[in-house]
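Undergrad:
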Amino acid sequence: MVSSLISAILAWLHIFSAIGWMGSAMFLAMVLGPSTRELPPPSRRDLVQRLFPRFIRYVTVFATLTLVFGVLVGMVLVSDGSDVLSPSTTWGLRIIIGASLALVAYALALAVGLRSARGILRLLEKTPQAQQEAQALEMAKLTRRLRLTAATVTLLLSASLIFMVAASRL
155 MVSSLISAIL AWLHIFSAIG WMGSAMFLAM VLGPSTRELP PPSRRDLVQR LFPRFIRYVT
215 VFATLTLVFG VLVGMVLVSD GSDVLSPSTT WGLRIIIGAS LALVAYALAL AVGLRSARGI
275 LRLLEKTPQA QQEAQALEMA KLTRRLRLTA ATVTLLLSAS LIFMVAASRL
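For the record, in the sequence shown the residue sitting at position 42 is 196 according to my numbering, with numbers rising by one throughout.
1. Nearest by alpha-carbon distance to F170: which of A320, L315 and L309 is it?
2. What three-state label does DSSP hand T243 in the structure shown?
3. If you check the beta carbons only, do A263 and W175 fall under 9 Å apart?
4. Figure out for me which residue from L278, A172 and H168 has the closest Cα to the Cα of G227.
5. Work out the CA separation of G252 and E279 for me, nearest whole Å.
6. Can you list, in chain order, the stretches of the alpha helix (DSSP H) that have 4 or more residues and sit fully within the stretch 184-239?
7. State yes or no: is the C-beta of V215 within less than 9 Å of the C-beta of G267?
8. Measure the C-alpha to C-alpha separation of G177 and L310 and round it to an integer number of angstroms.
9. Using 9 Å as the threshold, is the C-beta distance between L182 and R301 below it?
10. For I250, which option in V225, I274, G273 and V230 has the closest C-alpha, if you only look at C-alpha atoms?
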């Protein structure tokens with residue numbers, strides 16, 4: 155009884171944090187990225203400087219909590235000695251594939267995406283507005299990398315979600 159209650163709570167925390175992570179990746183890829191291209195440079199600068207610090211913090215927290223709660227759910231499931239996470243079972247194989255995709259998405263988001271976002275912030279903070287044309291090439295490279303990473307993470311998380319839902323249907 156207690157184990158199933160703990161498992162349910164951890165599963166809901168895992169799902170909630172995954173929604174936050176995937177939602178932030180989708181927001182960046184589908185809304186923020188395309189919208190900032192249409193803004194004049196001063197407005198874009200203000201928006202990025204206000205939004206990115208909070209965005210970086212939330213992505214880091216939600217992505218990390220998603221993995222932590224997922225691991226904890228797995229630990230509760232195997233604590234009774236069963237082999238539910240074994241790749242020899244259909245359920246276990248789907249969960250392992252979904253978790254692997256999420257782990258790749260996590261590494262990509264933190265190593266490439268958030269590093270690019272921090273690089274954009276550093277360029278905006280250290281470069282006076284009058285000299286930004288000189289940094290335009292670096293800014294374009296970082297922005298393109300960030301948008302591509304957000305789209306890739308969204309696709310990886312979508313595939314992960316498909317495997318996780320497919321496993322839950324068994």
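Yeah, the Cβ is synthetic: ideal placement off N, Cα and C, and Gly gets one too.
TA: Looking at the coordinates:
1. Scanning A320, L315 and L309 for the CA closest to the CA of F170 turns up L315.
2. coil
3. yes
4. Gly is not the amino acid found at residue 227; the sequence shown has Val there. Ranking L278, A172 and H168 by Cα distance to V227 puts H168 first.
5. 38 Å
6. 187-192 and 195-232
7. no
8. 13 Å
9. yes
10. V225
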